[in-house]
Amino acid sequence: MDTLWWLVIAVFFIASFVGLIVPIIPSVLVLWGGFLVYVFALEGSLSVVFWVGMAVLTVFLLVVDLLANMAFVKRTGGSKWGERAALVGVIVGAFVVPPFGLIIVPFVLVLIAELLQKQPFEKAVRIAFASFLAFISGTLAKAVVQIVMIAWFLIEVL
């Protein structure tokens with residue numbers, strides 16, 4: 046029976062990576078599902094340091110999506126409206142044709158916001174492209190953090 050539970054944990058961990066590109070799957074929360082299966086189904090124990098570390102990394106992962114777009118737009122000279130459009134774009138884009146909505150919606154909203162702020166078209170496109178780079182960078186960062194979380198879990202239990 047233990048093998049079945051370990052298989053369930055592995056499925057949770059794999060699904061967390063699928064969630065990086067299919068935002069309807071809450072990646073980090075799915076990871077926690079694997080941790081909880083270990084604790085409750087396999088009656089394992091994890092240290093307080095592990096749980097605190099996972100909580101900190103979870104908060105980091107949840108904030109990355111929201112702040113990455115805003116930061117990239119700001120760094121490329123975007124306006125406050127462009128930053129806000131990037132934030133709204135990530136939230137709305139998560140529900141519009143995932144995962145493409147996370148790329149297209151922020152791009153379009155930032156482009157429109159910057160054009161409304163009288164930015165030259167080329168600069169507005171460059172700023173909007175930053176929202177795409179933010180998605181790629183944020184996804185890679187989240188993947189690395191999820192690998193760290195899984196590795197920490199495995200070190201803790203083995």
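Going by my numbering, the residue at position 21 of the sequence shown is 66; the numbering climbs one at a time, nothing skipped.
Every residue gets a Cβ at the ideal spot worked out from N, C-alpha and C, and that includes glycine.
Item to complete: State the DSSP-derived secondary structure class of residue 169, mapped to helix, strand or coil.
Response: Within the sequence shown, residue 169 is the residue found at index 124, counting from 1. In this structure, residue 169 counts as helix in the three-state DSSP scheme.
Open item on the list: Beta-carbon within less than 7 Å of residue 63's beta-carbon, same chain only, minus the 5 sequence neighbours each way: which residues are those?
Closed with: For this step, residue 63 is matched to residue 18 along the sequence shown. Here the set comprises 70.
Could you tell me which of 48, 46, 161 and 106 sits nearest to residue 192, measuring between CA atoms? For the purposes of this step, residue 192 is taken as the residue at position 147 of the sequence shown. Nearest of 48, 46, 161 and 106 to residue 192, Cα basis: 106.
Discussion item. Using the three-state DSSP reduction, which class does residue 191 fall into: helix, strand or coil?
Written reply: Within the sequence shown, the letter at position 146 stands for residue 191. Looking at residue 191 - three-state DSSP - the assignment turns out to be helix.
Given this structure, state the Cα-to-Cα distance separating residue 165 from residue 124, to the nearest angstrom. Within the sequence shown, numbered from 1, the residue matching residue 165 stands at position 120. Within the sequence shown, numbered from 1, the residue matching residue 124 stands at position 79. Note on geometry: alpha-carbon atoms of residue 165 and residue 124 lie some 13 Å from one another.
inquiry  = At 4 residues or longer, what runs of the alpha helix (DSSP H) sit wholly inside the stretch 84-171?
reply    = Runs of alpha helix (DSSP H) with 4 or more residues, each lying fully within the stretch 84-171, are found at 93-120, 125-138 and 146-161, listed in chain order.
Host alpha helix (DSSP H) of residue 65 (start-end):
Numbered from 1 along the sequence shown, position 20 holds the residue referred to as residue 65. Premise fails: residue 65 is in no alpha helix (DSSP H) and is neither H nor E.
Note down, in chain order, each residue of its chain lying with its Cβ closer than 8 Å to the Cβ of residue 142, except the 5 sequence neighbours on either side. For the purposes of this step, residue 142 is identified with residue 97 of the sequence shown, where counting begins at 1. Only 149 meet the Cβ criterion.
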